[in-house]
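Just remember that the numbering used here sits 201 ahead of the position in the sequence shown, which is counted from 1.
Positions of the beta carbon are idealized from the N, C-alpha and C atoms, including for glycine.
Just so you know, these numbers come straight off a predicted model, no measurement behind them.
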Amino acid sequence: MDRRLALIGLAALAGCGFELRHEPELPFRTLALTGFPPDSPLAVGLKRQIKRTPVQLVDDTSRAQVVLEVTRETRDRSVVASTTVGQVREWQLRLQFDYLIRTAAGELLVPKVELRLSRDMNYTETAALAKEQEAANLYGAMHSDAIAQVMRRLAAVKLPA
């Protein structure tokens, strides 16, 4: 009886069009990443995601079908709220990531994209170490979000005929 219910549940789930998320299919064979700052967490994450696809990463931009060119990658934080004596109570963490996608010959496939992500974080000086870890986790989540957006944009690229 339990087995029948499980099969009915699986059949209903399959019939509704539910599908697990998978890597986007990229419409090109080679990709070059350029303009990233040294030790960029976004570059590391993008390389990891691209290695899950059949696309080959190349260092020489002239040998790539598609080039992802970064024009800005910055992380910063600013005070959103503070006490009357100047103690910080809330930070805003920001990630700015600007890029464009072009061919090796310089033909623009996707014009400059300005990606802006931010997260607010409460802050208490008595838990400074824990709050630094929380900030690192929030930046990690923003990086994951940015990488997913870039991968979707790469999947939508239309190569010239």
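So, are the CB atoms of residue i and residue j less than 9 Å apart?
i	j	result
Glu-270	Arg-249	no
Val-358	Leu-316	no
Lys-332	Thr-272	no
Val-267	Ala-306	no
Tyr-324	Val-289	yes
Leu-227	Ala-329	no
Thr-231	Leu-258	yes
Out of the options, which has the shortest C-alpha to C-alpha gap to residue i?
i	options	result
Ser-263	Arg-204, Tyr-324, Thr-235	Thr-235
Glu-274	Ala-336, Ala-362, Pro-238	Pro-238
Ala-265	Glu-308, Glu-335, Arg-354	Glu-308
Ala-336	Asp-321, Pro-228, Leu-227	Asp-321
Pro-191	Lys-252, Arg-204, Phe-229	As displayed, the chain neither begins before 202 nor continues past 362, which places residue 191 out of reach and without an answer.
Arg-354	Tyr-300, Leu-339, Thr-327, Lys-252	Tyr-300
Give the range of the alpha helix (DSSP H) segment to which residue i is assigned.
i	result
Tyr-300	Not the alpha helix (DSSP H): Tyr-300 falls in the beta strand (DSSP E), residues 289-303.
Asp-346	329-356
Ala-244	242-251
If you follow the beta strand (DSSP E) that residue i is in, where does it begin and where does it stop?
i	result
Asp-277	267-283
Leu-310	309-323
Ala-233	231-235
Can you list, in chain order, the residues of its chain whose CB lies under 6 Å from that of residue i, leaving out five sequence neighbours each side?
i	result
Asp-277	Arg-295
Met-352	Pro-225, Gln-250
Phe-298	Glu-274, Leu-316, Ala-347
Starting from the C-beta of residue i, find all residues in its chain whose C-beta is less than 7 Å away, skip the five residues before and the five after it, and write them out in chain order.
i	result
Asp-346	Leu-318
Pro-242	His-344
Ala-244	Leu-234, Phe-237
Which same chain residues end up closer than 8 Å to residue i when comparing Cβ atoms and leaving out the 5 residues on each side of it in sequence?
i	result
Thr-261	Reading off the sequence shown, one finds Asp at residue 261, where the question assumed Thr. Closer than 8 Å at the Cβ level, and outside the excluded window around Asp-261, lie Ala-233.
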